[in-house]
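Below is one structure; the comments refer to it alone.
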Amino acid sequence: MKAMIIQGPNLNMLGIRDPRIYGPAKLETIHQNIKQHAEQIGLEVDFFQSNFEGEIVDKIQECLGQYDGIIINPAAYSHTSVAIRDAISAVNLPTIEVHISNIHAREDFRHKSLTAAVCAGVVAGFGPMGYHLALQGLVQILTELNAIKEARKQQAAAQQGAQPQQA
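Anchor point for the sequence shown: position 17 equals 25 in the numbering used here, and the numbering is continuous, going up by one each time.
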């Protein structure tokens with residue numbers, strides 16, 4: 009199983025930008041911890057960070073056929089980007105939205121996430137550990153989807169074998 013971790017605007021400033029809200033950890037450290045946890049649960053991960061909406065849309069689209077799922081922290085774009093929302097919806101991959109801070113305990117304009125409605129789940133307010141929770145959730149979703157696919161395959165094979173053969 010393979011997942012893309014997409015980080016939105018200003019996340020490259022973690023460790024510098026308002027540590028009271030986002031904590032002291034730098035993005036590089038968070039990525040190292042994500043990679044370590046992913047390896048423990050059998051998930052391969054790649055990382056991408058951009059401050060530009062179009063680049064994030066492009067990366068989401070590039071995930072199609074390359075990755076089994078996406079974990080995204082759209083950051084401020086979660087509140088404003090119909091384009092990112094539409095890209096997530098278009099690729100139809102299991103996607104989990106992560107926010108380091110509790111967006112519901114912050115300014116009113118941060119309470120609404122446009123992207124959350126097209127994601128399988130949202131993790132917010134757990135700091136960098138939220139990525140670990142998202143990894144666990146994504147593995148669970150992918151395991152269930154794989155089990156459903158396998159059951160359908162077996163059902164189709166059983167139906168094929170049960171049909172009378174014509175001479």
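Using N, Cα and C, we set each Cβ at its ideal position, and we do this for glycine too.
{"Item": "According to the Cβ coordinates, are ALA11 and ASP76 closer than 8 Å?", "Value": "yes"}
{"Item": "Among GLY62, VAL99, HIS107 and ASN59, which one has its Cα closest to the Cα of ILE38?", "Value": "HIS107"}
{"Item": "Just to confirm the assignment: which complete beta strand (DSSP E) runs, minimum length 3, are found wholly within the stretch 94-167?", "Value": "103-107 and 129-132"}
{"Item": "With contact counted as at least three CB pairs below 8 Å, one residue from each stretch, are the stretch 85-94 and the stretch 61-73 in contact?", "Value": "yes"}
{"Item": "Does the separation of the CB atoms of GLU52 and ILE80 fall below 8 Å?", "Value": "no"}
{"Item": "So, is GLN57 buried or exposed, given that buried needs 16 or more other C-beta atoms within 10 angstroms?", "Value": "buried"}
{"Item": "By Cβ distance, which residues of its chain are closer than 7 Å to LYS43, with the 5 residues on each side in sequence left out?", "Value": "VAL53"}
{"Item": "Taking ASP54 as part of the beta strand (DSSP E), name the residues at either end of that continuous run.", "Value": "52-57"}
{"Item": "Closer than 7 Å by C-beta to LEU141: which residues in its own chain qualify, once you throw out the five before and the five after it? Chain order, please.", "Value": "VAL131 and PHE134"}
{"Item": "With burial defined as no fewer than 16 other Cβ atoms inside 10 Å of the residue's Cβ, what is the status of LEU153: buried or exposed?", "Value": "exposed"}
{"Item": "Taking the DSSP output, what are the residues bridged to LYS34?", "Value": "In DSSP, LYS34 forms no bridge with anything."}
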